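Here is the structure we will look at, set down as structure tokens.
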């Protein structure tokens, strides 16, 4: 089966599988048939392999490479898509794999600026569908992980840092704080507060803000804002409550996952009185996403959007480790994001 996959013999692969060949069998180097199909860019063979029970595209060989890694590295879009769309490559599976190592967190260093931006993410630990629920409750844990759209937001804000010179910026539903911290690192004159509502998420966000300050000591003390005199801070912001402060810019990533959050999120954006709202989100797959955009337009916000450049899907890790990036952020390679800019036409 390994040889048939390596040589692209689709009919032989099908016949061997029908006769009971094991799709996850490994050779002396730890390679599965899927490794060979991915390495040699044989998409039909890989598709046959991963369709069988027991196939695992995250299983690593003796060199620490998975079939998923080889599929992405092959440069073949069809091969990469087959591997990335397999059940074993889902975020929940990757998180479960992390749990099996005995770790409950990982800290990434992102190359948004120099020094790199360190961000810790924790295990979400629940199935995403269960966690998202009907719009988020007290047990919401989605903000503990780093979602692909937040990396797109971080790249966008860092690239356009000049627009935020001397501005007060609030990141809504910040979770780990990737977008806000990327901006704060790239634009040293911007004042940034990363906000969320849930206690566990806020605790992790505060940890990441502390990492940011540790890497950039000696910043000046400023007038109190959102309860802090620091240039970069974290704070609780409940979308059901009136914000205690206002700001110049609001930013966010992938904030809408259920229609139940649309009205409260729109109210929060309006009440913060920002002159602009910058938003990065997946182009598809988010219930209520279109309704959210339409609601802001109805209120008179000027809306300009564009597709995120392909470069936003490149490896964002400071050490350039492609295998590690693909392991933790496999959906970045195939997901598509839109960058929305809303300009407030009134005071």
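Residue numbers (the working numbering): 263 to 609. Glycine included, every Cβ here is placed at the ideal spot set by N, Cα and C. A quick note: this is a predicted structure, and the numbers were derived from the prediction, not measured.
Who pairs with residue i in a beta bridge, going by DSSP?
i	result
residue 368	383
residue 498	458
residue 579	372
residue 600	543, 569
residue 511	431, 538
residue 281	In DSSP, residue 281 forms no bridge with anything.
residue 605	538, 564
Can you tell which of the options has its C-alpha closest to the C-alpha of residue i?
i	options	result
residue 374	577, 285, 590	577
residue 486	453, 268, 267	453
residue 340	560, 301, 280	301
residue 493	475, 574, 518, 570	475
residue 482	286, 505, 451, 562	451
residue 504	530, 424, 594	530
residue 495	431, 521, 461, 533	431
residue 552	519, 588, 443, 532	519
residue 344	282, 305, 462	305
residue 500	456, 521, 479	456
residue 274	421, 443, 299, 417	299
residue 599	491, 321, 415	415
residue 507	284, 516, 489	489
residue 546	557, 526, 569	569
residue 558	526, 582, 269	526
residue 587	327, 350, 366	327
residue 297	281, 270, 280, 282	270
residue 566	538, 280, 549, 585	538
residue 573	263, 319, 421	421
residue 336	591, 590, 597, 585	585
residue 366	466, 556, 575, 597	466
residue 303	316, 331, 280	331
residue 589	407, 320, 429	320
residue 447	575, 317, 371, 346	371
residue 442	460, 462, 461, 408	408
residue 532	429, 548, 502	502
residue 279	315, 289, 325	315
residue 385	581, 283, 463, 575	463
residue 579	417, 272, 556	417
residue 290	265, 324, 284, 281	324
residue 405	460, 479, 429	460
residue 522	497, 548, 498	548
residue 498	433, 282, 477	433
Comparing the CB of residue i with every heavy atom of the ligand MG, is any distance shorter than 7 angstroms?
i	result
residue 448	For the ligand MG, the structure offers nothing, since it holds no ligand at all.
Rounded to the nearest angstrom, how far is the Cβ of residue i from that of residue j, given a contact under 8 angstroms?
i	j	result
residue 602	residue 543	7 angstroms
residue 381	residue 307	Not really, about 38 angstroms apart at Cβ, beyond 8 angstroms.
residue 554	residue 528	7 angstroms
residue 536	residue 511	5 angstroms
residue 379	residue 444	6 angstroms
residue 411	residue 515	4 angstroms
residue 294	residue 329	6 angstroms
residue 517	residue 435	5 angstroms
residue 540	residue 419	7 angstroms
residue 562	residue 524	In fact, because the Cβ distance is near 17 angstroms, the residues do not count as touching under 8 angstroms.
residue 263	residue 287	7 angstroms
Does the Cβ of residue i have 16 or more other Cβ atoms within 10 Å, making it buried, or fewer, making it exposed?
i	result
residue 449	buried
residue 440	buried
residue 377	exposed
residue 607	exposed
residue 484	exposed
residue 509	buried
residue 604	buried
residue 267	buried
residue 423	buried
residue 322	buried
residue 313	exposed
residue 383	buried
residue 277	exposed
residue 564	exposed
residue 491	exposed
residue 560	exposed
residue 458	buried
residue 594	buried
residue 351	buried
residue 575	buried
residue 318	buried
residue 556	exposed
residue 479	exposed
Taking only beta-carbon atoms, is residue i less than 8 angstroms away from chain C?
i	result
residue 375	Here chain C cannot be found, since the structure has a single protein chain.
Taking the runs of the alpha helix (DSSP H) that are 4 residues or longer, which of them lie wholly in the segment 421–489? List check, alpha helix (DSSP H) in window: 440–448, 461–477.
Check: In chain order, which continuous runs of the alpha helix (DSSP H) of length 4 or greater are located wholly inside the segment 520–583?
Finding: 524–533, 551–560
Complete alpha helix (DSSP H) runs within the segment 289–361 (minimum length 4 residues, chain order)
295–301, 305–312, 329–335, 339–346
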